[in-house]
Amino acid sequence: MTVNAQSGLFLLKLLAWLGSAAALLLLFYMQFAPALVHLTPVDGSRDVHPGRAFKVRIGNAAAVRHINVSLRNDAGDILPVTFDIDQTAKLITIEPVSMLEPSRAYTLCLSHLSETAWLRRMLGDGPTSVSCASFTTRAAPAPRPPKAGAVVLVVAGQHSALASYYDEILKAEGLNLFDSVPEEHFDPESIGRYGTIILAGAVLPPAQVQRLQDWTTNGGSLVAIQPSDDLLAMLCLSRTGKSVSKAYLRANAQVEAVRSFTHPLQIHGRIDLVGPRADCGTGTSGGGSSPLGGDTVAVAGLYETPFKPFPAPAIATRSWGRGTITGYFFDLAASVAHTRQGNPDWADQDRDGLAPRRPNDLFYPDYLDLDLIGVPQADEQQRLFANIILSKSHIPLPRLWYLPGNRRVVLIMVSDDHATSNGTASFFAKLSRRSDPNCRLERWECLRATSLMTPATHVAPDLVRTYHDQGFEFGVHVDTNCKNQDPAKLANTIRRQMDEFRDKYPFLEPQRTQRLHCIVWNGWTEAARVQQDEGIRFDMNYYSWPPGWLHGRPGFMTGSGLPMPFVTEDGSVLGIYQAATQLVNENKVPQREGVRTMIEAATGPDQFVSALVTHYDFSDDYGDILIDEAERHGVALISAAQMLTWLDGRNASGFTEINWHEGVLSFTQNVAPGAEEAHISLPLHSAAGRLVSLNCAGQALRFDEVDIKGLPVASFPARAGRCEATYGNAAQLGWIPN
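Listed below in structure tokens is the structure:
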């Protein structure tokens, strides 16, 4: 950002002209004068999404009387924009009227006239301050061949900066059977191979919409995120012309596929208010929403507060021929990303007054509804989305389970060793003693952990080697002396301390997991990008803290109990996972009760499947409490490195060559290294009847029948190769239950 305000010269002239007493009054007044505190994208940014909005944080919105915004391309052409000033949030949102061109340079400038501008004019310093940022948009996506055997297609809208995040949501939900294509490369003539199409903010021309309608009529399941008017018409709905930016959804208990979602869930981002079309009659309301058009059903109602409904749905569905259309009236990907990573408009602010800047500042004080901290709201929104996809599909779809085997919870044991005399070694010895001598590391049967050690911590290299060979993880706990550091300095600190650690223990693999001392943070994702550039792939800095904010409540600060990759405001998915540290010994949450509550939230009827990162530092007995509660509940204790290996393997696994014919589902399982212990689920019922037999890699498999968030499924171990699942009448096929 460049600023041309001549502030120093102006102030000197002003002080001389007014005299000391008046000058003091003026200085007091000028602290409320506007200041352009932060502009995104920052000057010099590259790969900016051409459909995103721009944000400017200002010091005092009320003092700004005139704002001029100019956006120019590299040819000097002025492009029209709209902008809005949020006085409460002290935020200016700027949106180009037309989408920007790919691979092109632009300059965004703002000039503002403040309450004190008349003084500037009087003193001849000019009436305005100007701030500019130059940036380059990302290249247009290149066309690529379709993924073989995919049965779900994501069409990423040009105007949706986070449309790429739907890929990550589907992978997190185990639906690794999809392909994705940018809106500009969408081929409506090729959609016959897909059973489900997700329009992620895509706005299609009438001919393509007609092709989608025909496809839906023939049995397709269309899911439209923030649907265009012609798709709204398919739902017998229309826009009211109003929208809200904060709301909740509540699942409709009358809709079988979502009735297990009993908690209100926060929505972040713009929510369009829709209502029934006059030409469609009356439909079915859901939750608190008013009756909808025709035979439209609200899958989830929209709520102003957890218990005060809006007269509108959050999600609605309608039959269309032999298929269905489902509409989301908010951007699910943006809501999930913002719930997980916090408010991007609060980046680089120390909002809790407790230096340095930490990730919790992105939530403080009220971006997270603390009354719902016990609910993993982002995870629940994703699972509701998955249930809709599975229940609307005309064929049964295979799905990867979240954790190895049929586990519902695991504790990722990570200590921060601040130069204790024997903390790491004695704790690792305890875990080793309490492990079964015949435990299998790859099955998470051994009690294992990670130790992040400050540079001043010393553990003998021979001892480190011994425990490393047993599957324990060691790394440096990077220390910034609890000071804020800009990205360049933070990168240097991480690099230097990791190099020093490598010199002490050269036999260790390069460090891939990290939690910074004092959990220092930059930007919305800048600190994550810095760590990624230094080889870190598993970040644990989102940390449930401070105590005065949490008030002793255990839960999910990020609305999630499972790691997922970071995503930037421009929709770039980073190669580093965000894994929130939810079990913390120093946040005043009752220790044993907090651990037990989080474990039982996963194993109980809510099924809040979680991989819970822990923090203990050998200053109390919290580590022992974690071991005790894990053993009492049969929960695995693993290192962060083990979790990373599993995530990489699971995300690289999936299903191809899916075929459905006369009640037989055939598909190929691809099991990547690291995911050998994966389990698969299949719907227990289909249009052809009940699942009666399963054969994988030439062998008949037994399966367990379980209920997952209201959907009855068959669960069985993954095996690489070809599978056949037969559905039909059990009596006719001679089926004998397991």
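Taking the numbering used here, the leading residue of the sequence shown gets 1292, the next gets one more, and so forth. Positions of the beta carbon are idealized from the N, C-alpha and C atoms, including for glycine. Computed from a predicted model, the values in this text were never measured in an experiment.
| query | So, helix, strand or coil for ALA1607, using DSSP? | reply | If DSSP states are grouped into helix, strand and coil, ALA1607 belongs with the strands.
| task | For GLN1322, name the three-state secondary structure that DSSP assigns. | result | With a pLDDT of 46 at GLN1322, under the threshold of 50, the predicted position of this residue should be treated as unreliable, and no value is reported.
| query | Among residues of its own chain, excluding the 5 on either side of TYR1868, which ones have a beta-carbon nearer than 8 angstroms to its beta-carbon? | reply | So the list reads ARG1828, PHE1829, ASP1830, PRO1854, MET1855, PRO1856, PHE1857, LEU1935 and LEU1938, once near-sequence residues are dropped.
| Are LEU1495 and SER1534 closer than 8 angstroms when you measure CB to CB? | The answer is no: Cβ separation not under 8 angstroms.
| said: Mapping the DSSP letters down to three states, classify ASN1942 as helix, strand or coil. | reply: Note: ASN1942 maps to helix in three-state DSSP.
| task | Over the uninterrupted alpha helix (DSSP H) stretch that includes LYS1533, give me the two end residues. | result | That residue, LYS1533, is in no alpha helix (DSSP H); its beta strand (DSSP E) goes 1528 to 1542.
| message | Taking the straight line between their C-alpha atoms, what separation do you get for GLN1776 and GLN1499? | response | If you draw a straight line from the Cα of GLN1776 to the Cα of GLN1499, it is about 50 angstroms long.
| said: Contact defined as beta carbons within less than 8 angstroms: I believe VAL1864 pairs with TYR1456. What is the distance between those atoms, to the nearest angstrom? | reply: Between TYR1456 and VAL1864 the Cβ distance is about 7 angstroms, and since that is below 8 angstroms, they are a contact.
| request: Starting from ALA1927, follow the beta strand (DSSP E) in both directions and report where the run begins and ends. | output: Residues 1927 to 1929.
| Which two residues bound the contiguous beta strand (DSSP E) that contains SER1551? | Segment: none, SER1551 is in no beta strand (DSSP E) and carries neither H nor E.
| Do HIS1976 and PRO2008 have their CB atoms nearer than 8 angstroms? | Not a contact, by the Cβ cut-off of 8 angstroms.
| task | Give every residue of the same chain whose Cβ lies closer than 7 angstroms to the Cβ of LEU1881, excluding the five residues on either side of it in the sequence, and list them in chain order. | result | Here residue 1881 is Pro; the residue named in the question, Leu, does not match the sequence. The residues are GLY1843.
| message | According to DSSP, simplified to helix, strand and coil, what is HIS1709? | response | Coil.
| request: If I'm right that THR1745 touches ASP1708 with Cβ under 8 angstroms, what's the distance once you round it to whole angstroms? | output: Contact check for THR1745 and ASP1708: beta-carbon distance about 7 angstroms, within the 8 angstroms limit, so the pair qualifies.
| Going by the CB atoms, is the gap between THR1617 and VAL1514 shorter than 8 angstroms? | Inclusion of VAL1514 and THR1617 in the CB contact set at 8 angstroms is warranted, their separation being smaller than that value.
| request: Quick one: using the 10 Å Cβ neighbour count with 16 as the cut-off for buried, is GLN1873 buried or exposed? | output: That one is buried.
| field | PHE1958 - containing beta strand (DSSP E), residue span | value | Here the beta strand (DSSP E) through PHE1958 covers 1955 to 1961.
| query | Between LEU1917 and ILE1679, what straight-line distance do the alpha-carbon atoms span, to the nearest angstrom? | reply | Using only the alpha carbons, I get a separation of about 36 angstroms.
| For ALA1548, which residues of its own chain have a beta-carbon under 6 angstroms away from its beta-carbon, when the five flanking residues on both sides are left out? | Taken in chain order, the residues that qualify are ASN1678 and SER1682.
| Once you ignore the five residues that flank SER1742 on each side, which residues in its own chain have a CB closer than 6 angstroms to its CB? | Excluding positions up to five away in sequence, the list reads SER1706, ASP1708, THR1715 and PHE1765.
| request: Can you give me the Cβ contacts of PRO1650 inside the same chain, cut-off strictly under 6 angstroms, excluding the 5 residues immediately before and after it? | output: The residues TRP1812, ASN1832 and TYR1833, in chain order, have a CB closer than 6 angstroms to that of PRO1650 in the same chain once the five nearest residues on each side in sequence are set aside.
| task | Give a yes or no on contact between the stretch 1635 to 1653 and the stretch 1603 to 1618, applying the rule of three or more CB pairs nearer than 8 angstroms. | result | The stretch 1635 to 1653 is not in contact with the stretch 1603 to 1618.
| What did DSSP end up calling ILE1349 once you bin it into helix, strand or coil? | Here ILE1349 sits in strand by DSSP.
| Supposed contact pair SER1402 and SER1425 - C-beta distance, whole angstroms, cut 8 angstroms | Not quite, the Cβ-Cβ distance comes to about 16 angstroms (not below 8 angstroms), so this is no contact.
| query | Where does the unbroken beta strand (DSSP E) through HIS1970 begin, and where does it stop? | reply | Element bounds for HIS1970: 1970 to 1974.
| query | Taking just the CA atoms, how far does ASP1622 sit from MET1848? | reply | Distance between the alpha carbons of MET1848 and ASP1622: 21 angstroms.
| task | Run the CB neighbour count on ASP1657, radius 10 Å, all protein chains shown included, and call it buried at 16 or more, exposed below. | result | So ASP1657 ends up on the exposed side.
| message | Taking 8 angstroms as the cut-off, does the stretch 1460 to 1477 touch the stretch 1436 to 1446 (at least 3 CB pairs, one atom from each stretch)? | response | Put simply, the stretch 1436 to 1446 touches the stretch 1460 to 1477. At least three CB pairs are less than 8 angstroms apart.
| said: Closest to PRO1837 by C-alpha separation, out of ALA2016, ASP1643 and GLY1980, would be which residue? | reply: Among ALA2016, ASP1643 and GLY1980, the Cα nearest to that of PRO1837 belongs to ASP1643.
| field | Neighbourhood of SER1626 by C-beta distance below 7 angstroms, restricted to the same chain and skipping five residues each side | value | Hits under 7 angstroms: ILE1558, HIS1559, GLY1560 and GLN1672.
| Taking the Cβ atom as the reference point for each residue, do CYS1400 and SER1336 lie within a distance shorter than 8 angstroms? | When the beta-carbon positions are compared, CYS1400 and SER1336 stay at least 8 angstroms from each other.
| query | Are the beta-carbon atoms of ALA1542 and LEU1675 separated by less than 8 angstroms? | reply | Yes.
| said: Checking 8 angstroms against the spacing of the C-beta atoms, do SER1802 and GLN1822 come in under that value? | reply: Per the sequence shown, residue 1802 should be read as Gln rather than Ser. 8 angstroms or more divides the Cβ of GLN1802 from the Cβ of GLN1822.
| request: From the DSSP output, in three-state form, read off ALA2016 for me. | output: Strand.
| said: Threshold first: 3 residues or longer. Then list the beta strand (DSSP E) segments lying entirely within the stretch 1759 to 1809, N to C. | reply: Entirely contained in the stretch 1759 to 1809, the beta strand (DSSP E) runs reaching 3 residues are, in chain order, 1764 to 1767.
| request: Please list, in chain order, all residues of the same chain as ALA1927 whose beta carbon is under 6 angstroms from its beta carbon, the five residues on each side excluded. | output: Leaving aside the five residues that flank ALA1927 on each side, the residues in its chain whose CB is nearer than 6 angstroms to its CB run, in chain order, VAL1701 and TRP1735.
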